[in-house]
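Structure first, commentary second.
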Amino acid sequence: MASKIAIASLITLSAASEGLRPWEAPGPNDLRSPCPMLNTLANHGYLPHDGRDISAQQFADAAFEVVNIDPMAIKQVANYFLRASNQTSINLTDLNRPGILQHIASLTRDDVTNPDSVDVTASQDRIHHLIQDSETDCITIASLAKTRLHVEDLSSPKELTLKEQTFAYAEAGLLLLTMIEGDVPSGWSFPPATAYCAPKKRVETWLTEERFPEELGWKKSERTIGLMDFIPVIKGIYEEKRSQAGKGPLWKAFVPSFLQQAGTDSEL
């Protein structure tokens, strides 16, 4: 009997040790970034809670342990941060500098007007707009396309550079893939846009409090999320955004307008 109790105790302790680390709000001297995911990892203690001197390997290990994102992919992105900042380790506020991670038309942050600013406060108006852009109980590819149109309009006449677009759409994809209800669809199966549903309350809690809302059903992906899993999400958001803006199918973005007009005339 004693041995059975001991075994049960070990199992309980093991399960507890595998649970999510406690959340702790950042203190006045702790540094944070313009990225909700990195801030959440720091608030839960998977990145240094003070937000200082973080290596590429630490970024990769934290994302893999908690969210189950391919660590090699994260390390490549983190190494880019380090090269862009010309450092061997980085503080989270360093990511708020133009040309590293911070960019205009963010889903959750107002545009930075002072390049030396370390203000990474989330915009509650933008988060509210993101939530309200969906007419269902889920944040979807269609609703994120609508939000991207809105935030890009707020930044007009400034436009995202190609590099900034890459980050902006990857961030939107990260939201759907990490907050999704159910299993993450494999990108290799080319899932339809309707396969992605991130419950509104879960997303809102994450973005406003920068913590993983386990009480709302959030859990680590059982399957490692790879770069291929982002492709159908990013493609879906971009195509839907073009459609909502009245720009037509994606192929039209790569065909000169006079050729499109010629093709139309030939059909008349």
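Residues -16 to -1, 1 to 252 in mature numbering (1 follows the signal peptide of the UniProt record, and there is no 0) are what the sequence shown spells out, letter by letter. Built from N, CA and C at the ideal position, the CB exists for glycine as well. Owing to the predicted nature of the structure, the values given are computational and were not obtained by experimental measurement.
Runs of the beta strand (DSSP E) lying entirely within the segment 51 to 105, each at least 3 residues long, are absent.
The DSSP assignment places complete alpha helix (DSSP H) segments of no fewer than 4 residues inside the segment 141 to 195 at 146 to 163, 184 to 193, in order along the chain.
Annotated as distal: H87 and F43, with beta-carbon spacing of 7 Å or more.
Bridge pairing for C122: P183 [DSSP]. Looking at the DSSP output, I209 shares a beta bridge with I53. If you check the CB distance, A156 and E224 do not come in under 7 Å.
Around the beta carbon of H112, a 10 Å sphere encloses fewer than 16 other beta carbons of the protein chains shown; the residue is thus reported as exposed. Your pair L158 and M21 checks out as a contact, with CB atoms roughly 6 Å apart and the cut at 8 Å. Straight-line spacing of the CA atoms in K147 and N13 works out to 31 Å.
When the beta-carbon positions are compared, N98 and S205 stay at least 7 Å from each other. A direct Cα-to-Cα measurement between A9 and L66 gives close to 26 Å.
A straight-line Cα-Cα distance of about 14 Å links D95 and T145. Ranked by Cα distance from A182, the first of L200, P6, E193 is L200.
Closest in C-alpha terms to M163, from the list G29, S170, W190, comes W190. Looking at the DSSP output, I38 shares a beta bridge with I74. Collapsing the DSSP output to three states places K219 in a helix. One thing to note: V104 has its Cβ no nearer than 7 Å to the Cβ of S39. Here V217 is not near L133, since their CB atoms are 7 Å or more apart.
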